[in-house]
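> Numbering (our numbering), first residue to last: 665 to 793. Let me give you the structure first, and then I'll get to my questions.
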Amino acid sequence: MDKSENLPPYGEKQPEFDKRYLEMAHIWAKNSYCKRRQVGALIVKNKMIISDGYNGTPSGFENICEDENGRTKQYVLHAEANAITKVAKSNNSSQGSTLYVTSAPCIECSKLIIQAGIRRVVYSDDYRA
Numbered sequence: 665m666d667k668s669e670n671l672p673p674y675g676e677k678q679p680e681f682d683k684r685y686l687e688m689a690h691i692w693a694k695n696s697y698c699k700r701r702q703v704g705a706l707i708v709k710n711k712m713i714i715s716d717g718y719n720g721t722p723s724g725f726e727n728i729c730e731d732e733n734g735r736t737k738q739y740v741l742h743a744e745a746n747a748i749t750k751v752a753k754s755n756n757s758s759q760g761s762t763l764y765v766t767s768a769p770c771i772e773c774s775k776l777i778i779q780a781g782i783r784r785v786v787y788s789d790d791y792r793a
């Protein structure tokens with residue numbers, strides 16, 4: 665095994681880059697129409713943002729994420745899922761990339777992250793308990 669495989673993508677500057685990409689994910693979260701919680705995600709590979717996403721309704725649905733009781737509707741997509749499906753439609757590969765997301769991924773998104781070949785996940789807040 666090559667030792668370079670174990671090094672973070674940015675070496676000693678990794679924590680600094682992680683902080684900056686997380687800040688960008690927080691800014692991207694503001695695009696969400698969800699009132700209860702806004703989540704943003706960025707997929708970064710080779711120092712380039714190759715995809716982005718925020719939580720919201722699927723294309724063609726009205727941009728209302730919560731029902732009349734304030735609960736999130738079941739069909740709302742998570743930021744991670746939106747970013748992963750967006751990169752899947754592009755010419756980019758998420759294999760070996762890093763996902764920056766404002767909240768820790770849920771179990772379902774974690775499965776998608778693994779299947780997409782994303783190597784690292786960096787998040788700000790824990791997933792709701």
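All residues carry an ideal CB built from backbone N, CA and C; glycine is no exception. Because the structure is a prediction, the values reported are computed rather than measured.
Can you give me the C-alpha to C-alpha distance between residue 788 and residue 767, rounded to a whole angstrom?
6 Å
> Among the residues of its own chain, which have a CB less than 6 Å from the CB of residue 713, if the five just before and after it don't count?
Annotation for residue 713: 706 place their beta carbon closer than 6 Å to its own, counting only its chain and skipping 5 residues before and after.
> My parser needs the alpha helix (DSSP H) runs of 4 or more residues fully inside the segment 705–788; what are they?
743–752 and 771–779
> Taking the alpha-carbon positions, what's the residue 687 to residue 740 distance?
23 Å
> Decide yes or no for the touch test of the segment 713–730 against the segment 694–705: beta carbon pairs closer than 8 Å, at least 3 of them.
yes
> Closest to residue 759 by C-alpha separation, out of 781, 720 and 727, would be which residue?
It is 781.
> Does the distance from the CB of residue 783 to the CB of residue 761 come in under 8 Å?
yes
> Mind checking which residues open and close the alpha helix (DSSP H) that includes residue 683?
678–693
> Taking the alpha-carbon of residue 691 as reference, which of 679, 699, 680 and 704 has the nearest alpha-carbon?
When each option's Cα is compared against that of residue 691, the closest is 704.
> Going by the beta-carbon positions, is the gap between residue 683 and residue 730 smaller than 8 Å?
no
> When you compare only the Cα positions, how much space is there between residue 744 and residue 790?
14 Å
> Classify residue 679: buried if its beta carbon has 16 or more other beta carbons within 10 angstroms, exposed otherwise.
exposed
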